[in-house]
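See structure below.
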Amino acid sequence: LHLMVAHELLNESRVAHIDFTLRRADHLRIAIRIDGSQLTIANRDFGKGAVHVQWDGRNGSGAIVPDGIYYPVVHMRRAQRLIDLPNPIRVDTVKPTIAIVGVQKRSNKMIFVYRTSEAAHALLFAKGRRRVFTYSTRRHGRLPYYGNISRASKVAVEAQDLAGNRSRPLPIHGS
446 LHLMVAHELL NESRVAHIDF TLRRADHLRI AIRIDGSQLT IANRDFGKGA
496 VHVQWDGRNG SGAIVPDGIY YPVVHMRRAQ RLIDLPNPIR VDTVKPTIAI
546 VGVQKRSNKM IFVYRTSEAA HALLFAKGRR RVFTYSTRRH GRLPYYGNIS
596 RASKVAVEAQ DLAGNRSRPL PIHGS
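According to our numbering, the sequence shown is numbered sequentially starting from 446.
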């Protein structure tokens, strides 16, 4: 078994992808550990090569599981092996928040100093179009804006966490 499972983050609208490669064909039962039990998400024969399954973050009753860390498990029937996949799946359905904690005015730009409630990208929108998306996911930082701030410019900031959850837009009004 060759593992290529990425650390997955899952919000309400997405699925977790579990990918690995088999050296030999086998019958697999792939499950997710939930509250001390296992939820089977695949139980069938897989050929040699790439295996790809998805989990929608729901339990056996169809309800979204509580936010937390979940581990996929692979039962290999022919090889008679049980493998706990090392990369967890993190379910995150909580939207982050963002706050502007300072504004620095420079000659041709404004810099908004922000804080987020969790590790998140910061986004700045003007007239409904995204103008800035930070590469880092730090809990604080700076967003530069080249332009005038007025009600007509409709400038707002948002935070987007690692699972893709977005905060409510925070409008920025001119001074």
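Each residue gets a CB set at the ideal place from its N, CA and C atoms; glycine is no exception.
Using only alpha-carbon positions, find the residue among the options that is nearest to residue i.
i: residue 609; options: 558, 535, 521; result: 535
i: residue 546; options: 566, 585, 616, 573; result: 585
i: residue 613; options: 588, 512, 570, 592; result: 570
i: residue 615; options: 524, 568, 463, 486; result: 568
i: residue 468; options: 521, 559, 459; result: 521
i: residue 515; options: 561, 552, 551, 481; result: 481
Give every residue of the same chain whose Cβ lies closer than 6 angstroms to the Cβ of residue i, excluding the five residues on either side of it in the sequence, and list them in chain order.
i: residue 563; result: 541, 606
i: residue 525; result: none
i: residue 549; result: 556
i: residue 558; result: 546, 547, 587
For the beta strand (DSSP E) containing residue i, list its first residue and its last residue.
i: residue 550; result: 543 to 550
i: residue 568; result: 565 to 571
i: residue 616; result: 615 to 617
i: residue 496; result: 494 to 500
i: residue 489; result: 482 to 491
i: residue 591; result: Where residue 591 is concerned, there is no enclosing beta strand (DSSP E), given that its DSSP letter is neither H nor E.
i: residue 470; result: Where residue 470 is concerned, there is no enclosing beta strand (DSSP E), given that its DSSP letter is neither H nor E.
i: residue 601; result: 600 to 606
i: residue 503; result: It is not in any beta strand (DSSP E) - residue 503 carries neither H nor E in the DSSP assignment.
i: residue 559; result: 555 to 561
i: residue 575; result: 574 to 578
Assign residue i to one of two classes, buried (16 or more other C-beta atoms within 10 Å of its C-beta) or exposed (fewer than that).
i: residue 452; result: With a pLDDT of only 46 at residue 452, under the threshold of 50, the placement of this residue in the model should not be trusted; the figure read from the coordinates follows. Classification for residue 452: exposed.
i: residue 604; result: buried
i: residue 566; result: buried
i: residue 539; result: exposed
i: residue 543; result: buried
i: residue 492; result: exposed
Sorted by chain position, which residues of the same chain lie with C-beta nearer than 8 angstroms to residue i's C-beta, five sequence neighbours on each side aside?
i: residue 518; result: 475, 476, 477, 478, 483, 527, 528, 529, 530
i: residue 621; result: Residue 621 is absent from the model: the chain starts at 446 and stops at 620.
Leaving out the 5 sequence neighbours to the left and right, which residues in its chain are closer than 7 angstroms to residue i when beta-carbon positions are compared?
i: residue 486; result: 475, 476, 477, 498, 500
Inset, instruction - Note down, one range per segment and in chain order, each beta strand (DSSP E) of at least 3 residues found wholly within the stretch 505 to 537. - result: Runs of the beta strand (DSSP E) inside the stretch 505 to 537: 513 to 521, 526 to 529, 534 to 536.
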